[in-house]
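Just so you know, the protein sequences line up as chains A and B, in that order. Positions 51 to 473 (the numbering used here) are the ones given, in order, by the first sequence. Positions 26 to 146 (the numbering used here) are the ones given, in order, by the second sequence. Everything below concerns the one structure shown next.
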Amino acid sequence: MTLDLSSDDLEMLDGRNGAAVEMAMRIIVRLGETVNAKRLIDISSAHIDSCLYHGLSTIDFADRLVQLGAQVKVPTTLNVSSMDLLHPDLYRGDPEEALRGRQLADLYESMGCKPTWTCAPYLLEERPNFGDQIVWAESNAIVFANSVLGARTDRYGDLIDICAAITGRTPDAGLHLDENRHASLVYEVGHLSPSLFDHDEIFPLLGAFIGSTTGTQVPVVDGLNHKQSEYRLRALGAAAASTGSVGMFHVAGSTPEAPTLEAALGSKDPQDSIRVSVEDLQMMRSKLTSSTGTALATVALGTPHYSIDEFAILRSHILGKHKHPEIDFYVSAGRDILLELELRGWADELRSFGVSLVGDTCTYFTPILSNTDKPAMTDSGKWAYYAPSNLGIDVIFASTADCVASAIAGRVVLDESIWTNEQ
Amino acid sequence: MLRLDEPLSFWGGLDPETGQITDVHHPQVGASVTGTVLAMEHGRGSSSSSSVVLELIRNKAGPVAIVLSEMDTHILLGSIVAEELYGLSMPVLITSKENLQNFHSGNVAHIDSEGNINCVN
Numbered sequence: 051m052t053l054d055l056s057s058d059d060l061e062m063l064d065g066r067n068g069a070a071v072e073m074a075m076r077i078i079v080r081l082g083e084t085v086n087a088k089r090l091i092d093i094s095s096a097h098i099d100s101c102l103y104h105g106l107s108t109i110d111f112a113d114r115l116v117q118l119g120a121q122v123k124v125p126t127t128l129n130v131s132s133m134d135l136l137h138p139d140l141y142r143g144d145p146e147e148a149l150r151g152r153q154l155a156d157l158y159e160s161m162g163c164k165p166t167w168t169c170a171p172y173l174l175e176e177r178p179n180f181g182d183q184i185v186w187a188e189s190n191a192i193v194f195a196n197s198v199l200g201a202r203t204d205r206y207g208d209l210i211d212i213c214a215a216i217t218g219r220t221p222d223a224g225l226h227l228d229e230n231r232h233a234s235l236v237y238e239v240g241h242l243s244p245s246l247f248d249h250d251e252i253f254p255l256l257g258a259f260i261g262s263t264t265g266t267q268v269p270v271v272d273g274l275n276h277k278q279s280e281y282r283l284r285a286l287g288a289a290a291a292s293t294g295s296v297g298m299f300h301v302a303g304s305t306p307e308a309p310t311l312e313a314a315l316g317s318k319d320p321q322d323s324i325r326v327s328v329e330d331l332q333m334m335r336s337k338l339t340s341s342t343g344t345a346l347a348t349v350a351l352g353t354p355h356y357s358i359d360e361f362a363i364l365r366s367h368i369l370g371k372h373k374h375p376e377i378d379f380y381v382s383a384g385r386d387i388l389l390e391l392e393l394r395g396w397a398d399e400l401r402s403f404g405v406s407l408v409g410d411t412c413t414y415f416t417p418i419l420s421n422t423d424k425p426a427m428t429d430s431g432k433w434a435y436y437a438p439s440n441l442g443i444d445v446i447f448a449s450t451a452d453c454v455a456s457a458i459a460g461r462v463v464l465d466e467s468i469w470t471n472e473q
Numbered sequence: 026m027l028r029l030d031e032p033l034s035f036w037g038g039l040d041p042e043t044g045q046i047t048d049v050h051h052p053q054v055g056a057s058v059t060g061t062v063l064a065m066e067h068g069r070g071s072s073s074s075s076s077v078v079l080e081l082i083r084n085k086a087g088p089v090a091i092v093l094s095e096m097d098t099h100i101l102l103g104s105i106v107a108e109e110l111y112g113l114s115m116p117v118l119i120t121s122k123e124n125l126q127n128f129h130s131g132n133v134a135h136i137d138s139e140g141n142i143n144c145v146n
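Put into structure tokens, the structure is as follows:
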């Protein structure tokens, strides 16, 4: 199969639209040939993950593009930075690394990217519509765009994201194509007690289980009675994309390409069907928890960046209360959401409880936590999965309510009733 | 040859300065990928893997080649951009799942100019 380039594509590749476009198009074409795409397609937006500093090569790449005159061709948002750009004093790492993070931020902003600095671009005002072809990087954003919005992005990563934004083109492959969006693996949950699914923390656990057992297939969850909220679907997807390579999932009756199980499967028989057990979910809970004692120094929420819905839940738990003085309590969110919190007066309430609000970045990969010797607690499957490797910290995965109760008590407090009732 | 028992996410799973596997969930945590032919079934996880592969190659801490049974575009892009920026090459090869089963850590890998790969003890 050969990649059929349009006359516009060939002009870009020939350098007639400038050297930056030429370089970006050369990379897009090499990718397109490798994934056996027949053609390139137009995209309507891009979300860039390359703006996170990983070493000098990340700057070399952006700097080369800027030197060659790069400008983005489609509306383009930026994923998290290595630091809170509005509150740089929160950063506890090497000052030189902080400078390089800032330098990288400037390079991407100078290419015309919007300084959104969030891993949750789907919470911004202009989010993609059903069927839109987009190039999004950042695994939780990809899985949300495909699964919950019904927009179409493949599992893009760094480097290609900005090339697509500069050319406005991407290979017509992977999850851009109808035939790759159907589920082939069913996760059956209809036999489990419906009351289990009254608890938000089941969703990241289910996601973690799906991620670690799906491989590269598209999974569908069947047997949930109610249409599930966006934040629950998001927590499921973020966990699945952390423990595995999931770029798209369906929840029959909840996600837009799965009005029914049959629709999700594209009217084909699934390759396999997995009956999820309570033990599977408990096993994931153990896997996302590396500390068994009651010692606690930190609570970290907001991975992916908290939405207003999630802040509303957190607010209901903390109003009129104060955290223990020896516990640090961080919540990460995008700068747009942080502004909204100020306007609603919620930011003051959160601060009065003792919350440190973190913008533009996230606490699981960058030096923000003041204490990594003692364990941290989180309601995020993604945070729980990555923080032990990234920060060398022990972690306890728990519900948002347990995170708050523990922050008040100054030690780990877990409500086990959800599990004991299921025995 | 370093044959990974489980897929590795380069980001959050590998230090691009030392080439050491740091993912505490990975069975081969602590092993170094530097100078090896790194073989695994497929890549995994984060969107940042391309940048980590690029940085790994820039630091000359990377494998000499990566062998997969399914193409991973994140890994491939790190390799493509390393060639664009630095003229450094780290081929990404695809072989069948069956062929991959025969690869073991410590094997010597022979790669011909067509991209065919064979392993001997």
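Positions of the beta carbon are idealized from the N, C-alpha and C atoms, including for glycine.
Look up Trp-469 (chain A) in the DSSP assignment and say whether it is helix, strand or coil.
If DSSP states are grouped into helix, strand and coil, Trp-469 (chain A) belongs with the helices.
What span of residues does the alpha helix (DSSP H) with Leu-393 (chain A) cover, start to end?
First-last of the alpha helix (DSSP H) with Leu-393 (chain A): 385-394.
The beta strand (DSSP E) spanning Ala-56 (chain B) covers which residue range?
Ala-56 (chain B) -> no beta strand (DSSP E), and no H or E assigned at all.
Identify which residue in B:Glu-109, B:Asp-97, B:Leu-113 has its Cα closest to the Cα of Gly-82 (chain B).
At residue 82 (chain B) the sequence reads Ile, which differs from the Gly that was named. It is B:Leu-113.
Can you give me the C-alpha to C-alpha distance between Leu-140 (chain A) and Tyr-436 (chain A), rounded to a whole angstrom?
Distance between the alpha carbons of Leu-140 (chain A) and Tyr-436 (chain A) is about 20 Å.
Spatial neighbours of Val-349 (chain A) within its chain, please: CB distance less than 6 Å, with the 5 preceding and 5 following residues excluded, ordered by chain position.
Counting only Cβ-Cβ distances below 6 Å, and skipping sequence neighbours, we find Phe-379, Met-427, Cys-453, Ala-457.
Kindly indicate if chain A contains any beta-carbon less than 9 Å away from that of Glu-139 (chain B).
So no, Glu-139 (chain B) is outside the interface.
Based on Cα-Cα distance, which residue from A:Leu-227, A:Val-124, A:Ser-336 lies nearest to Asp-211 (chain A)?
Nearest C-alpha to Asp-211 (chain A): A:Val-124.
For the beta strand (DSSP E) that contains His-97 (chain A), what are its first and last residues?
Its beta strand (DSSP E) spans residues 96-98.
Determine the extent of the alpha helix (DSSP H) in which Arg-152 (chain A) is found, giving its start and end residues.
Looking at the DSSP string, the run of the alpha helix (DSSP H) that includes Arg-152 (chain A) is 145-160.
Taking all protein chains shown into account, do 16 or more other C-beta atoms lie within 10 angstroms of the C-beta of His-276 (chain A), making it buried, or fewer, making it exposed?
Exposed: under 16 other Cβ atoms inside 10 Å.
Considering only the beta carbon of each residue, do Pro-272 (chain A) and Val-239 (chain A) sit closer than 9 Å?
Inspection of the sequence shows that residue 272 (chain A) is occupied by Asp rather than by Pro. Closer than 9 Å, so yes.
Can you have a look at Thr-310 (chain A) and say buried or exposed, based on whether 16 or more other CB atoms are within 10 angstroms of its CB?
Exposed, by the Cβ-count rule.
Output yes or no for whether 9 Å exceeds the beta carbon distance between Ala-223 (chain A) and Val-270 (chain A).
Contact: no.
Would you check if there are 3 or more beta carbon pairs closer than 8 Å linking the stretch 128-138 of chain B to the stretch 103-113 of chain B?
Contact fails: fewer than three Cβ-Cβ distances are below 8 Å.
For the alpha helix (DSSP H) that Asn-124 (chain B) lies in, which residues bound it at each end?
Looking at the DSSP string, the run of the alpha helix (DSSP H) that includes Asn-124 (chain B) is 122-126.
Using the three-state DSSP reduction, which class does Val-49 (chain B) fall into: helix, strand or coil?
The answer is coil: DSSP assigns Val-49 (chain B) none of H, G, I, E or B.
Give the straight-line distance between the Cα atoms of Gly-37 (chain B) and Ser-94 (chain A), rounded to the nearest whole angstrom.
Straight-line Cα distance between these residues: approximately 30 Å.
Can you tell which of B:Ser-57, B:Pro-52, B:Thr-61, B:Arg-69 has the C-alpha that lies nearest to the C-alpha of Asp-40 (chain B)?
Per the Cα distances, B:Ser-57.
Out of A:Arg-76, A:Cys-101, A:Pro-306, A:Ile-443, point me to the one whose CA is closest to Trp-186 (chain A)'s CA.
With distances taken between Cα atoms, Trp-186 (chain A) lies closest to A:Cys-101.
What span of residues does the beta strand (DSSP E) with Ser-406 (chain A) cover, start to end?
405-409 is the extent of the beta strand (DSSP E) around Ser-406 (chain A).
At a Cβ threshold of 9 Å, is Gly-68 (chain B) touching chain A?
It does; some Cβ of chain A falls within 9 Å.
Using a Cβ-Cβ cutoff of less than 6 Å, which residues in the same chain neighbour Asp-359 (chain A) once the five nearest sequence positions on both sides are dropped?
Closer than 6 Å at the Cβ level, and outside the excluded window around Asp-359 (chain A), lie Tyr-281.
By DSSP's criteria, Ala-90 (chain B) is part of a beta bridge. Which residues make up the other side?
In DSSP, Ala-90 (chain B) forms a bridge with B:Val-62.
Step through the CB atoms of chain A and report whether any lies within less than 9 Å of the CB of Pro-116 (chain B).
No, Pro-116 (chain B) does not count as interfacial toward chain A.
Could you tell me which chain B residues have their CB closer than 7 Å to the CB of Asp-208 (chain A), listed as they occur along the chain?
Residues of chain B passing the Cβ test: Ser-72, Ser-73, Ser-75, Ser-76.
How far does the beta strand (DSSP E) with Ile-212 (chain A) in it extend, from its first residue to its last?
Looking at the DSSP string, Ile-212 (chain A) is not in any beta strand (DSSP E); the run it does join, the alpha helix (DSSP H), is 210-217.
Identify each residue in the stretch 37-49 of chain B for which the Cβ-Cβ distance to at least one residue of chain A is less than 7 Å, and report them in chain order.
Flagged, chain order: Gly-37, Gly-38, Pro-41, Thr-47, Asp-48, Val-49.
With distance defined between alpha-carbon atoms, name the residue in A:His-249, A:Ala-314, A:Gly-287, A:Ala-302 nearest to Arg-231 (chain A).
Answer by Cα proximity: A:Ala-314.
Compute the distance between the beta-carbons of Val-78 (chain B) and Met-96 (chain B), then report whether it is under 9 Å.
No. Outside cutoff.
With 9 Å as the threshold, decide whether the Cβ of Val-106 (chain B) is near any Cβ in chain A.
Taking Cβ atoms only, chain A reaches closer than 9 Å to Val-106 (chain B), which makes this a yes.
Please decide whether Ile-446 (chain A) counts as near chain B, where near means a Cβ-Cβ distance under 9 Å.
Answer no: the Cβ-Cβ gap between Ile-446 (chain A) and chain B never drops below 9 Å.
How about Phe-447 (chain A) and Asp-429 (chain A): are their beta carbons less than 9 Å apart?
Taking 9 Å as the Cβ cut-off, Phe-447 (chain A) and Asp-429 (chain A) qualify as a contacting pair.
Can you give me the start and stop residues for the alpha helix (DSSP H) that Ser-439 (chain A) sits inside?
Ser-439 (chain A) -> alpha helix (DSSP H) spans 431-441.
Could you work out which residues of chain A lie near Glu-197 (chain B), taking near to mean beta carbons separated by less than 9 Å?
Outside the displayed span of chain B (26 to 146) sits residue 197 (chain B), for which this structure offers no information.
Classify Pro-52 (chain B): buried if its beta carbon has 16 or more other beta carbons within 10 angstroms, exposed otherwise.
Exposed, because fewer than 16 other Cβ atoms sit within 10 Å of the Cβ of Pro-52 (chain B).
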